[in-house]
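In our numbering, the protein residues as written are 3 to 133.
Below is one structure, written out as structure tokens; the observations come after it.
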């Protein structure tokens, strides 16, 4: 359940920042910059901190290479679905949602990596602390 919640949090965060509908931070910030600048900056900083938590945790757990491998796996899966005719990539809104899905899955896996590794290997993960 924790893994699903971490992925859902990543999906909601990325979707709140940007999605193909008009209900997202980027579209709102562009439209309201002159009238709502302090609120836009405040909420932008909150979203940035939340995104940094996910990105830093992901980079610490799986690293850039791990994130690229996961992205490549999803890209290959999309390629297979497209090749089989089950998915058409000519709809830009669909492509944006697919990108949000893949990014959120990468971040969700990154946030959950130590849990996944512990369940698969039975070994506990600990952080190294300098000092």
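The beta-carbon is built from N, C-alpha and C at its ideal position, and this holds for glycine as well.
- Distances from the CA of residue 63 to each of 119, 3, 44 were compared; the closest alpha carbon is that of 119.
- Taking 8 Å as the cut-off, the beta carbon of residue 56 is found no closer than this to the beta carbon of residue 10.
- Secondary structure note for residue 3: it is in no alpha helix (DSSP H), with a DSSP letter that is neither H nor E.
- Looking at 100, 109, 87, the one whose alpha-carbon comes closest to that of residue 69 is 109.
- Per DSSP, the unbroken alpha helix (DSSP H) holding residue 120 starts and ends at 94-123.
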